[in-house]
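Colleague: Can you keep this structure in mind? I'll have questions shortly.
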Amino acid sequence: MARSLTDTLDRLAASGKLDKFSNGKQITEGGTQQIDLSKIAPDPDQPRRVFGEDKLESLSDSIAAQGVLQPITVRPKNADGRHLIIMGERRWRAAQLAGLTHIPAIVREVTAELRAIQLTENVQRADLTTMEVAQAVGQMRADGKKRPEIAKALGWSESAVSRYASIAKMPDELQALARANAPVLAVSDLGLFVLKRLPIVPLGGVEGAHDRTLNVRQSRR
5 MARSLTDTLD
15 RLAASGKLDK
25 FSNGKQITEG
35 GTQQIDLSKI
45 APDPDQPRRV
55 FGEDKLESLS
65 DSIAAQGVLQ
75 PITVRPKNAD
85 GRHLIIMGER
95 RWRAAQLAGL
105 THIPAIVREV
115 TAELRAIQLT
125 ENVQRADLTT
135 MEVAQAVGQM
145 RADGKKRPEI
155 AKALGWSESA
165 VSRYASIAKM
175 PDELQALARA
185 NAPVLAVSDL
195 GLFVLKRLPI
205 VPLGGVEGAH
215 DRTLNVRQSR
225 R
């Protein structure tokens, strides 16, 4: 009897007649689910905003050839019926470019620890802009992390954490430099002019920020 039932279920699965009971998700080993890409959305609080097209296309080619080798991590469905991405937005975007319809994903509730891992993973990427890193550090602070905790998690000095955290309070002109990926030291040094109420002449973009930083440091000597 058991064997007959198993055979029947196998035939139904092979014919696709059990699909309507799966809600579009197939459970695989390790709790990984195959989730429809259209049911997944980026986290609006994710500090990363820019994804290099060349790197995305390269990853897309790899996914087209080998599939998604590492599952992404998503939250349970929200009120809109979508899973927000916790980790793996680049893989999700590349999978779409590769023409996939589903992606392996692990569904997890967001905890403070998981949120910290997400932000740490993003900050340690070399291709984030200065502003994106500053926003991630700001989110860590908003989540209740103290400066020493953030410094330890990122392998930074506490002064480096302070420099990035200070960008959120800087004038729009300096924040624009951070978005253009001016070095955080340059932006931080220029911020001293604001604190000291010194006039800031047009900076000439990122190159001007570098030049002004040298002037600031020479004036300290």
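Letter 213 of the sequence shown, counting from 1, is numbered 217 in the working numbering, and no numbers are missing.
Cβ atoms here follow ideal geometry from the backbone N, Cα and C, with glycine treated the same way.
Given the structure is predicted, the values throughout are model-derived calculations rather than measurements.
Could you check whether the Cβ of L132 sits closer than 8 Å to any Cβ belonging to chain B?
Modeller: Here there is only one protein chain, and chain B is not present.
Colleague: Could you check what DSSP says for D58 in three-state terms: helix, strand or coil?
Modeller: D58: helix per DSSP, three-state reduction.
Colleague: Would you tell me roughly how many angstroms separate the C-alpha atoms of N126 and F197, rounded to the nearest one?
Modeller: Going by the C-alpha atoms only, they are around 30 Å apart.
Colleague: Please report the straight-line C-alpha distance between V114 and G92, rounded to a whole angstrom.
Modeller: Each residue's Cα considered, the two are about 14 Å apart.
Colleague: Closer than 8 Å is the cut-off here; do at least three beta carbon pairs connect the stretch 160-169 with the stretch 179-199?
Modeller: Touching, per the Cβ criterion.
Colleague: At 4 residues or longer, what runs of the alpha helix (DSSP H) sit wholly inside the stretch 139-207?
Modeller: DSSP runs (the alpha helix (DSSP H)) wholly in the stretch 139-207: 151-158, 162-170, 176-183, 188-199.
Colleague: Assuming contact is defined by CB atoms lying nearer than 8 Å, are A45 and L101 in contact in what I supplied?
Modeller: No, the pair does not count as a contact, with Cβ atoms beyond the cut-off.
Colleague: Locate the beta strand (DSSP E) running through L88, then write down its first and last residues.
Modeller: L88 -> beta strand (DSSP E) spans 87-91.
Colleague: What are the partner residues of V78, as DSSP defines its beta bridges?
Modeller: BP columns for V78 point to I89, V111.
Colleague: Go to A120, then tell me how far its alpha helix (DSSP H) extends in each direction, as first and last residue.
Modeller: Per DSSP, A120 belongs to the alpha helix (DSSP H) from 116-127.
Colleague: Shortest alpha-carbon distance to L41 belongs to which of G56, A69, S62, P75?
Modeller: It is P75 whose Cα lies nearest to the Cα of L41.
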